[in-house]
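Peer 1: Residue numbers for the sequence shown follow numbering that gives the first Met the number 0, so the first one is 0 and each next one is one higher.
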Amino acid sequence: MEPIIALATPPFVSALALLRLSGDGVFAILESLFSKPIGNVEQRRIEFGTLRFEGKEIDQVCVYLYPNPRSMTGEDVVEITCHGSMVIVDEIVAAFLSKGVRYAVNGEFSSRAFLNGKMDLIEAEAVNDMIKATTAEAKNVALLSLEGKTSKVVLPLKQELADLLALLEVGIDYPEYDEEEAFTIPAFLTKSQAIRERLQGLIAQGEEGKIIRNGIKVAIVGEPNVGKSSLLNALLEEEKAIVSPIPGTTRDIVEGQISVKGIPVLLLDTAGIHQTEDQIERIGVDRSYASVEQADLILHVLDASKPEEDPDLEARLAGKKVVKIFNKADLVPSQKEGELYISALHHEVEAVKEAIYQALAIHEDSYHTPSLSNVRELALLRKIDGELAKAQEEAGAGAGFDLLSLSLQRAYRFCRELLGEEASQDLSDEIFSRFCVGK
Ligand SMILES: Nc1nc2c(ncn2[C@@H]2O[C@H](COP(=O)(O)OP(=O)(O)OP(=O)(O)O)[C@@H](O)[C@H]2O)c(=O)[nH]1
Ligand SMILES: [Mg+2]
Numbered sequence: 000m001e002p003i004i005a006l007a008t009p010p011f012v013s014a015l016a017l018l019r020l021s022g023d024g025v026f027a028i029l030e031s032l033f034s035k036p037i038g039n040v041e042q043r044r045i046e047f048g049t050l051r052f053e054g055k056e057i058d059q060v061c062v063y064l065y066p067n068p069r070s071m072t073g074e075d076v077v078e079i080t081c082h083g084s085m086v087i088v089d090e091i092v093a094a095f096l097s098k099g100v101r102y103a104v105n106g107e108f109s110s111r112a113f114l115n116g117k118m119d120l121i122e123a124e125a126v127n128d129m130i131k132a133t134t135a136e137a138k139n140v141a142l143l144s145l146e147g148k149t150s151k152v153v154l155p156l157k158q159e160l161a162d163l164l165a166l167l168e169v170g171i172d173y174p175e176y177d178e179e180e181a182f183t184i185p186a187f188l189t190k191s192q193a194i195r196e197r198l199q200g201l202i203a204q205g206e207e208g209k210i211i212r213n214g215i216k217v218a219i220v221g222e223p224n225v226g227k228s229s230l231l232n233a234l235l236e237e238e239k240a241i242v243s244p245i246p247g248t249t250r251d252i253v254e255g256q257i258s259v260k261g262i263p264v265l266l267l268d269t270a271g272i273h274q275t276e277d278q279i280e281r282i283g284v285d286r287s288y289a290s291v292e293q294a295d296l297i298l299h300v301l302d303a304s305k306p307e308e309d310p311d312l313e314a315r316l317a318g319k320k321v322v323k324i325f326n327k328a329d330l331v332p333s334q335k336e337g338e339l340y341i342s343a344l345h346h347e348v349e350a351v352k353e354a355i356y357q358a359l360a361i362h363e364d365s366y367h368t369p370s371l372s373n374v375r376e377l378a379l380l381r382k383i384d385g386e387l388a389k390a391q392e393e394a395g396a397g398a399g400f401d402l403l404s405l406s407l408q409r410a411y412r413f414c415r416e417l418l419g420e421e422a423s424q425d426l427s428d429e430i431f432s433r434f435c436v437g438k
């Protein structure tokens with residue numbers, strides 16, 4: 000394919016920068032700018048030399064030569080390590096552009112790797128997830144996918160779908176087949192149920208993987224003055240939000256990020272919820288309600304010295320995941336059994352982190368288990384399950400094997416799509432455009 004170039008490291012000043020080229024003729028193009036002959040590249044090789052353009056030296060560089068197919072993209076690839084000044088990077092890029100190389104678009108290197116069979120879609124997406132990971136745990140989960148371990152989870156599923164489909168097809172073509180071996184509706188229901196259980200396990204694991212990778216939003220809500228902002232500050236170990244004894248101090252949402260056992264948690268401190276005539280405060284209260292809607296988990300803070308239930312707020316929290324917290328434990332002589340008491344003022348909030356972790360109900364395994372955890376993958380798993388559910392329903396209503404086979408074929412196609420085996424160009428374009436250039 001046509002040669003492309005991109006900067007693979009961030010566009011800032013640093014000790015070194017790495018540029019990557021891939022495509023037809025990249026060795027010859029490099030040779031035309033390099034101080035040494037490159038010749039035939041039969042094995043991977045590193046050369047040190049000078050890049051020159053129009054009689055002017057650009058920089059001393061190391062070039063890494065990867066002949067196809069043993070390269071990241073499967074094409075001829077050149078990587079250039081130069082000194083990390085953006086002036087040098089710009090000059091190198093300009094020199095290559097003048098030689099007919101084009102600047103890569105987002106994800107083009109990974110997209111070529113995918114098209115050349117160097118990795119499947121799940122692995123390609125893992126490259127993106129790994130680069131975007133903000134915690135070590137998130138990076139580890141992405142690494143499992145990159146190593147192909149997630150794809151291996153899908154292969155048995157694909158095999159089971161293929162087996163079931165084959166049994167249905169035999170049943171359609173040879174209905175008179177030996178009585179004892181004939182495939183029956185009850186047998187179909189049993190087998191399809193086993194596959195659905197595997198699928199549901201994958202979906203549950205994927206949801207947990209998604210939390211570990213992307214993190215969650217946690218809203219801190221409650222009446223004014225109960226100590227919500229104090230709790231935010233104590234968790235952040237920073238005086239981020241204004242704290243005062245005057246009710247109604249916080250009016251806007253104040254955000255802060257913490258890590259709970261490696262899970263990125265975005266905390267939202269909100270305005271105290273109560274009836275108010277103050278116009279600005281009312282806007283704040285509306286924002287608090289909106290945060291409740293958006294959040295994955297709510298920390299409902301009450302003042303332990305005067306715990307008042309607000310039926311209005313309780314109603315809003317119905318159906319949400321809520322952790323109830325009694326703050327200002329230092330002001331009360333006794334604590335109710337089984338409730339969570341803390342003192343934000345005295346920075347006694349470790350128990351809150353533990354409670355957040357417990358509420359998420361993450362299995363320890365999920366930190367080490369490969370899972371299908373991005374939106375595309377989870378949606379496809381649900382579609383496969385949906386097709387099987389439909390087939391089971393039809394089987395229950397007396398449908399023939401031919402009808403069931405249609406649902407199974409769709410399920411099988413979704414499974415192939417999961418691995419990128421049947422990805423349309425549109426789909427892979429959509430996926431790779433989320434990558435940054437240079438990948
Ligand atoms: N004794 C005691 N006082 C606390 C504790 N936590 C917070 N306070 C005090 O309670 C008052 C209100 O605290 P904030 O954190 O501003 O309360 P808030 O819920 O954010 O209030 P609004 O923003 O007005 O809704 C301040 O005077 C805090 O110092 C605690 O654990 N113990
Ligand atoms: Mg506040």
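Just so it is clear, CB atoms sit at the ideal spot from N, CA and C, and this is done for glycine as well.
Could you check whether residue 380 and residue 416 sit closer than 7 Å to each other, using their CB atoms as the reference points?
Peer 2: For residue 416 and residue 380, no; Cβs fall outside 7 Å.
Peer 1: If you follow the beta strand (DSSP E) that residue 52 is part of, which residue opens it and which one closes it?
Peer 2: Its beta strand (DSSP E) spans residues 44 to 52.
Peer 1: Tell me whether residue 168 sits in a helix, a strand or coil according to DSSP, three-state version.
Peer 2: The answer is helix: DSSP assigns residue 168 an H, G or I state.
Peer 1: Would you mind sorting residue 72 into buried or exposed? The rule is 16 or more other CB atoms within 10 Å of its CB.
Peer 2: With 16 or more Cβ atoms within 10 Å of its Cβ, residue 72 is classed as buried.
Peer 1: State yes or no: is the C-beta of residue 138 within less than 7 Å of the C-beta of residue 129?
Peer 2: Cβ atoms of residue 138 and residue 129: closer than 7 Å.
Peer 1: Only counting the same chain, and skipping five residues up and downstream in sequence, which positions put a Cβ closer than 6 Å to that of residue 160?
Peer 2: Contacts found: 410, 411, 414.
Peer 1: Kindly indicate which residue of 158, 131, 370 has the alpha-carbon position closest to the one of residue 200.
Peer 2: The shortest Cα separation from residue 200 among 158, 131, 370 belongs to 370.
Peer 1: Have a look at 220, 98, 347, 281 and flag the residue whose alpha-carbon is nearest the alpha-carbon of residue 309.
Peer 2: Considering only alpha carbons, the answer is 220.
Peer 1: Would you mind working out which of 9, 3, 84, 253 sits nearest residue 238, comparing C-alpha positions?
Peer 2: Per the Cα distances, 253.
Peer 1: For residue 442, is the classification buried or exposed, using 16 other Cβ atoms within 10 angstroms of its Cβ as the cut-off for buried?
Peer 2: No answer is possible for residue 442: it lies beyond the span of the chain, which begins at 0 and ends at 438.
Peer 1: Taking the alpha helix (DSSP H) that residue 310 falls in, what are its first and last residues?
Peer 2: Per DSSP, residue 310 belongs to the alpha helix (DSSP H) from 310 to 316.
Peer 1: Spatial neighbours of residue 256 within its chain, please: CB distance less than 6 Å, with the 5 preceding and 5 following residues excluded, ordered by chain position.
Peer 2: Here the set comprises 265.
Peer 1: Leaving out five residues before and five after residue 389 in sequence, what residues of the same chain have Cβ atoms less than 7 Å from its Cβ?
Peer 2: So the list reads 406, once near-sequence residues are dropped.
Peer 1: Classify residue 154 as buried or exposed, calling it buried when 16 or more other Cβ atoms lie within 10 Å of its own Cβ.
Peer 2: Exposed.
Peer 1: Using only alpha-carbon positions, find the residue among 186, 324, 122 that is nearest to residue 420.
Peer 2: Nearest of 186, 324, 122 to residue 420, Cα basis: 122.
Peer 1: Quick check: what's the CA-CA separation for residue 312 versus residue 190?
Peer 2: Spanning the two alpha carbons is a distance of roughly 47 Å.
Peer 1: Under 6 Å: does the beta carbon of residue 260 sit that close to some heavy atom of ligand 4?
Peer 2: Ligand 4 is absent from the structure shown, which contains only ligand 1 and ligand 2.
Peer 1: Using C-beta distances below 7 Å, list every residue in its chain close to residue 354, excluding the 5 sequence neighbours before and after it, in chain order.
Peer 2: 322, 339, listed in sequence order.
Peer 1: Mind reading off the beta-carbon distance from residue 119 to residue 418? Whole number of angstroms is fine, and I expect it under 8 Å.
Peer 2: Yes, residue 119 and residue 418 are in contact; Cβ-Cβ is about 5 Å, under 8 Å.
Peer 1: Could you give the distance in angstroms between the alpha-carbon of residue 218 and the alpha-carbon of residue 291?
Peer 2: Near 6 Å, if we compare the C-alpha coordinates of residue 291 and residue 218.
Peer 1: Roughly how many angstroms separate the alpha carbons of residue 214 and residue 92, rounded to a whole number?
Peer 2: C-alpha separation (whole angstroms): 37 Å.
Peer 1: Answer yes or no: the CB of residue 327 versus the heavy atoms of ligand 2, is any distance below 6 Å?
Peer 2: No, ligand 2 has no heavy atom inside 6 Å of this Cβ.
Peer 1: Mapping DSSP to helix, strand and coil, what is residue 344?
Peer 2: Residue state, collapsed to three classes: coil.
Peer 1: Restricting to Cα atoms, I'd like to know which of 365, 229, 316 is closest to residue 346.
Peer 2: The candidate whose alpha carbon is nearest that of residue 346 is 229.
Peer 1: I'd like to know if residue 97 contacts chain C, where contact means its C-beta is closer than 7 Å to some C-beta of that chain.
Peer 2: The displayed structure is made up of one protein chain only, and chain C is not part of it.
Peer 1: Inspect the beta-carbon positions of residue 8 and residue 16 and report whether they are closer than 7 Å.
Peer 2: Yes; because the gap between Cβ atoms is below 7 Å, this pair is in contact.
Peer 1: In the DSSP assignment, find the alpha helix (DSSP H) that holds residue 255 and state where it starts and stops.
Peer 2: It is not in any alpha helix (DSSP H) - residue 255 instead sits in the beta strand (DSSP E) that spans 253 to 259.
Peer 1: Within the chosen definition, does the region 280 to 295 reach the region 232 to 246 through at least 3 CB pairs nearer than 8 Å?
Peer 2: Contact fails: fewer than three Cβ-Cβ distances are below 8 Å.
Peer 1: Residue 183: which of 195, 194, 169 sits nearest, CA to CA?
Peer 2: Checked all of 195, 194, 169; the closest Cα to residue 183 is 169.
Peer 1: Report the partner residues of residue 242 according to the DSSP bridge assignment.
Peer 2: DSSP output for residue 242 lists no bridge partner at all.
Peer 1: Check whether the Cβ atoms of residue 303 and residue 327 lie closer than 7 Å to each other.
Peer 2: The answer is yes: Cβ separation under 7 Å.
Peer 1: Any idea what DSSP makes of residue 39, helix, strand or coil?
Peer 2: Note: residue 39 maps to coil in three-state DSSP.
Peer 1: At 4 residues or longer, what runs of the alpha helix (DSSP H) sit wholly inside the region 84 to 162?
Peer 2: You should have 85 to 97, 107 to 114, 120 to 131, 135 to 145.
Peer 1: Give a single yes or no on whether residue 189 has its beta carbon closer than 6 Å to a heavy atom of ligand 2.
Peer 2: Not so, every heavy atom of ligand 2 lies at least 6 Å from the Cβ.
Peer 1: Quick one: Cα of residue 443 to Cα of residue 324, how far?
Peer 2: This structure does not reach residue 443, given that the chain is present from 0 up to 438, and the question cannot be answered.
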